[in-house]
Amino acid sequence: MTDLHELIGQLTLDEKISLTTGDGAWHTRAIERLGIPSAFVSDGPAGLRMELDGCEPRTPPAVCMPSLARIACGFDPDLGYDVGEAIGKQCLSHKVDLLLAPGVNIKRDPRCGRNFEYLSEDPLLAGEVAVGYVKGVQSTGVGACVKHFAANNREYGRLVYDSLIDERALREIYLEAFRRVVTEAKPRAVMCSYNKVNGEYASQHKQLLTDILRNEWGFDGLTVSDWGATDDRAKGIAAGLDLEMPQNRTYTVKRALEEGTLTEQQLDEAVYRVLNFVYGSAPHVDEKVDVVKQHKLCRKVAAETAVLVKNSCNILPLKATDKIAVIGALAQKPAYQGGGSACVNSVRVDCLTEFLDKAKVDYVYAEGYSLDGVTTDEMTEKACTYAKNCDKVVFLAGDYKDSEGNDRTGVLPDEQLSLLERITSVNPNVVVVLQCGAPVACDWAASVKALLLDYYAGEAEGSALYDVLYGVVSPSGRLAETWFDVLPRFTDDYADNYRNCYYRESVYVGYRYYTTANKPVAFPFGWGFGYGDITRGKAYLSQNIVNKGKVKVCLTLTNNGSVKDTDVVQIYATNLDCRDFYPAKTLVAFKKVTLKPGQSKEVKIDVNVADLAHFDVDKHAFVVNGGNYLLTVARHANDEGDKLTLTVGGSNDTVDKRASLGCYYNPDGDFCPTTQQFAALYGKDLPVPSTKVTSSTAVGDLPKKGYGKMLYDEIVKPTDSPSTVVWKESNPVRQFVYGGLPWQLVDAYLELINCKPTLKQKMAFNRLKKQIENNK
Ligand code: BGC
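So our numbering is basically just the index in the sequence shown, starting at one, shifted up by 562.
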């Protein structure tokens, strides 16, 4: 065992500083003089994505598993474990020490472009599935890095916006999944997010990185920045951010040490945690991945997590005797993963038609629409003719462009919608398979017989889809997020500007809002069914007393059907006596149960009383108030289910705030707190951005004259397309340093922008600029 304190004693100041920033983009710094090795980190979460400069392809092939959005639909931490373990092995085989996954941010809005990388709108579900995933990865000896801490719920302006969240929602919704993973699975690392949270960058947020993460939750691992997320690095170290990635300038840290704004003790703590991580990494063993086995796992997980949300007249499963028209280019080029840092170089991609051929199914295929070109009349006519002449149509629709860095519209492409309309007019037996990273508007769903939500299913999409369509597997996924009908009014300003995101709805996220406001949805959270017929006996509490912090809900499930099938029992709590506002329903427990035909099983599900808590902002603590709670044992969030009353002892002294926060007590279909109402909930002044121009200032906020304008012109070119201009303006100046602007020049610009420059300063600046241009 290396004595890390002793080792730190031998390091020079420069060496210490160098350990807190990367060596390039993917390694920690090695110090050969002292035999300190470097650690290697790489992306997930659907599979290993490594970037190796100078190698082609830049990331080696790896089995691409279903996206986390899809895995969450399994309501099964064990599936998370299996996938995590498989990806851990992929990492081992490439000597990767830390997998940069999973992402556990809450799905606040379906327009967020990274929702496919996240698990759920519910923190219990997101947290528990992530616990399985992290344990699976770490069972191989590879570390998992949970990201993006915290409140990263939009892509537009992701490096600059400020997520403004009241303390209660922050704790109950946005931090809760992180708390579960950190405390239950002990990930080796946590990655901060790009955005600000309540006025401070997450990369230098002491309350998040130290007070909550370490002091409250007991996290003793490594904190790492998201790539390029640091603003004031010295402040970040002092706040508890150990490692900055990728490699960046370090002189600001040295300056802060000299000026006394950062102490060597604080630096040593960060160095200790970097070294603790490096030395704690598992020794590299030669692991050879069994890609065939992993591909099979992908197929199994994908088939099991497919979500069947509509199946009129039991049109599914398809019968061997049915003559099928398969319509849609996605049947041959499936949308099975999202883009950006999660994008895997898959080993082999299954497509539906290949498996229909293998099974010798009686089908015809028409592309119907183009994915990357023009959809011609000929394509449409051919699809309609095929549809007319078959018993049933399988129509593949999809939103195939979800990617990190961009938000989404949540609407299917026009050519798909118009073709679907034509197809349903010639054949009433249409099954739609929807490939997408997150919900899309489904106002057309009434016109089709069945709707199977395929999300991004991983590289075995086609074979898994065959299994589900033909009943080899009964789909057992349940929605891990609400599929909206109409988006709530409080999200109207979702992408109004790149500066502020007002989380004005507080705790009313996803089904918490829709169930409280009684607002219709397309498909509720928890919704989905298989091909069997599982009935439930009456649920009861084994005793209406709390034992070791738990109560047990019991019920008997019986599979009356002729196929193996799965039920997901979901227990929602309603706090009947809380004086604070409270959503109508909160998921407090769930259990997936699989039964053979004819099988009956008594199921016992623990409800942790601690999970009935709300965050009391006056006490700054989670509190379970004494009083009555209703437990609804349900099939989905809108299900009336069986109702059980539970009485919990103890005081009930949460302050009633109805007088000042009235609008939060009875949210209705029009719920949209004003900024003033939200400010009352927020409880302190809303942060005002600093007027000082720094390298973190958004390009769009640079002064419109003088040196501000000149710097703007260095970045935004007259030839840029309007969307490029929007993107550039919503990014901080530092984002463009690597794109050709040297730090030296940026710093010189910033100095002049922030003062009234003298002639001497101006001349020095001109000389520098010329010198840099000559050196290009
Ligand atoms: C993403 C992270 C990712 C990192 C490294 C960032 O842009 O936000 O999720 O792990 O890049 O690729």
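Cβ coordinates follow ideal geometry from the N, Cα and C atoms, glycine included.
Taking the continuous beta strand (DSSP E) assigned at residue i, which residues delimit it?
i     : result
V992  : 992-998
R1098 : 1096-1098
V847  : Run containing V847: none; DSSP gives neither H nor E here.
A887  : 886-889
S621  : First, the residue type needs correcting, since residue 621 is Thr and not Ser in the sequence shown. That residue, T621, is in no beta strand (DSSP E); it is neither H nor E in DSSP.
V926  : 925-928
S725  : 724-726
C1063 : 1062-1064
V708  : 705-711
K1158 : Careful: K1158 lies outside any beta strand (DSSP E) and carries neither H nor E.
Measuring alpha carbon to alpha carbon, tell me which of the options ends up nearest residue i.
i     : options                  : result
A891  : Q899, D884, P685, Y927   : Y927
S1124 : F781, Y718, G1033, L803  : G1033
A1339 : I1133, A688, L1157       : Outside the modelled stretch of the chain, which goes from 563 to 1338, sits residue 1339, for which no answer is possible.
H567  : K1324, T1077, S600, D830 : D830
A1042 : V1185, F1087, V1010      : F1087
H1198 : S1162, F1233, T1148      : T1148
L979  : S932, D953, N1170        : S932
S682  : V699, Q997, E738, K895   : E738
E929  : Y1311, E940, R861, D1232 : E940
V995  : L1014, V1010, R984       : L1014
L805  : A959, D1029, V786        : V786
C1063 : R720, G646, A688, G1270  : R720
V973  : K950, G999, V988         : G999
L981  : K944, K1163, A1260       : K944
V836  : G584, C946, Y723         : G584
V759  : L771, S629, R591         : L771
I630  : Q1323, T1078, C860, Q572 : Looking at the sequence itself, residue 630 is Leu, so the reference to Ile does not match. For L630, the nearest C-alpha among the options comes from C860.
T883  : D924, L1314, V851        : D924
K1163 : H1182, T1120, D1127      : T1120
G783  : E821, F839, W789, Y763   : F839
S1213 : P664, D1139, M807        : D1139
Which whole-angstrom value is the C-beta distance of residue i and residue j, which I expect to be below 8 Å?
i     : j     : result
V752  : L662  : With a Cβ gap of about 11 Å, V752 and L662 do not count as contacting.
C707  : L660  : 5 Å
N714  : S765  : Contact doesn't hold; Cβ gap of about 12 Å is too wide.
Y718  : A1003 : Contact flag wrong, Cβ pair sits at about 19 Å.
R1066 : F1052 : 5 Å
S1068 : L1243 : 6 Å
L1223 : F1143 : 7 Å
L654  : G698  : Their Cβ separation, rounded to whole angstroms, is 13 Å, which puts L654 and G698 out of contact at 8 Å.
V988  : V956  : The pair is not a contact, with the Cβ atoms about 15 Å apart (cut-off 8 Å).
N1122 : T1156 : With 8 Å as the limit, N1122 and T1156 do not qualify as a contact, their Cβ atoms being about 15 Å apart.
V1169 : V1210 : About 11 Å separates the two Cβ atoms, so there is no contact after all.
T915  : Q894  : 6 Å
V1255 : L1248 : That pair is no contact at about 21 Å.
V1165 : V1131 : 6 Å
Y1060 : P1229 : With a Cβ gap of about 27 Å, Y1060 and P1229 do not count as contacting.
On the DSSP bridge assignment, give the partners of residue i in chain order.
i     : result
P1294 : A1260
L784  : A751
H1176 : V1185
W1045 : F1085
R676  : BP columns for R676 are empty, so no partner.
I593  : I598
N1200 : DSSP output for N1200 lists no bridge partner at all.
D585  : H589
Y718  : Bridge partners of Y718: none, in fact.
On the DSSP letters alone, give me the boundaries of the alpha helix (DSSP H) that residue i sits inside.
i     : result
E1164 : From DSSP, E1164 is part of no alpha helix (DSSP H) but of the beta strand (DSSP E) over 1162-1170.
K651  : 639-655
N1328 : 1321-1337
H857  : 853-867
Y1311 : 1305-1315
I985  : 976-988
L630  : 630-634
S1036 : Run containing S1036: none; DSSP gives neither H nor E here.
K578  : 575-581
D1218 : Here D1218 belongs to no alpha helix (DSSP H), and DSSP marks it neither H nor E.
I570  : 566-572
V693  : 685-700
Y1076 : 1073-1079
- Query: Could you give the uninterrupted runs of the beta strand (DSSP E) lying entirely in the segment 1001-1030, keeping only those of 3 residues or more?
  - Reply: Fully enclosed beta strand (DSSP E) runs of 3 or longer: 1012-1015.
- Going along the chain, which unbroken runs of the alpha helix (DSSP H) with 4 or more residues stay wholly within the segment 934-963? 939-950
- Task: Taking only runs that begin and end inside the segment 764-841, name each unbroken alpha helix (DSSP H) of 4 or more residues, in chain order.
- Result: 795-801, 813-821
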